[in-house]
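The working numbering applies: residue 28 is where the sequence shown begins, and numbers increase by one.
First comes the structure, then the notes that go with it.
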Amino acid sequence: MKALEERIRKDGIILNGDVLKVGSFLNQQVDTALLKAMAEETKRLFPDGITKILTIESSGISFATAVAMEYGVPMVFAKKHKSANVSGEQLTARVYSFTHNEFNNISVSKEYILENDNILIADDFLANGNALKGLIEICEKGGAKVAGAVIEIEKAYQGGGTDLRAKGIRIESLAKIESMNENGIVFEG
Ligand code: 5GP
């Protein structure tokens with residue numbers, strides 16, 4: 028999406044060479060017009076049959092909610108826990124966090140992921156692919172179908188997307204970064 032790429036160029040801040048900060052328009056302060064345009068683009072990419080949108084707390088929630096509103100379906104988010112002490116029957120996966128450099132047990136209450144669900148996963152970033160793998164594992168444990176994943180920003184050079192596409196998962200990224208360093212950002216395509 029050209030509008031997203033232009034905004035990343037204008038307002039994105041590169042930290043330590045590998046982390047892109049987008050807090051001024053996506054992650055902390057949210058540009059709602061851009062968010063709506065991204066949700067509409069998602070519906071264009073995956074037009075039919077989606078029953079739920081799944082993301083992981085916390086930075087995926089605003090995007091996933093906007094997408095879910097576009098389809099008129101529920102948004103579900105996986106919670107992050109350092110220990111496994113959550114109540115009720117849970118679907119869980121162990122996920123390494125790129126930004127916090129630690130493992131989390133992520134979980135979703137079993138009653139929110141059902142066998143007849145066709146789930147679209149939505150997240151803000153795709154880097155090494157661990158968050159996405161964990162969310163796919165949760166869908167599989169619940170017996171739900173994964174229609175694919177939509178990502179606001181994929182850092183393609185980190186390889187997570189390549190791995191998962193090779194396994195047959197459909198991933199659509201609204202902005203795909205080919206390379207990023209102190210000299211700037213190069214988008215794919
Ligand atoms: P992965 O699991 O694919 O390595 O990383 C994806 C998760 O890490 C996303 O849910 C996102 O919250 C976070 N993340 C990865 N790279 C970045 C980045 O460059 N900037 C920000 N703000 N978050 C990132």
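Here a beta-carbon is modelled for each residue, glycine too, at the ideal position from N, C-alpha and C.
The beta carbon of residue 169 sits closer than 6 Å to the beta carbons of 118 and 140 from its chain, once the five residues preceding and following it are set aside; these are given in chain order. Around the beta-carbon of residue 213, fewer than 16 other beta-carbon atoms lie within 10 Å, marking it exposed.
Counting of Cβ neighbours within 10 angstroms places residue 193 among the exposed residues, the total staying below 16. Rounded to whole angstroms, residue 125 and residue 97 show a C-alpha spacing of 29 Å.
In this structure, residue 179 sits near residue 90, with a CB-CB distance shorter than 8 Å. Within 7 Å of the C-beta of residue 143 there is not a single heavy atom belonging to the ligand 5GP. For the 8 Å CB-CB criterion, residue 84 and residue 106 form a contact. Between the beta-carbon of residue 161 and that of residue 122 there is about 4 Å, and that keeps the pair under the 8 Å contact cut.
DSSP places residue 140 outside both helix and strand once states are collapsed to three, so it counts as coil. For residue 90, the enclosing alpha helix (DSSP H) starts and ends at 88-98.
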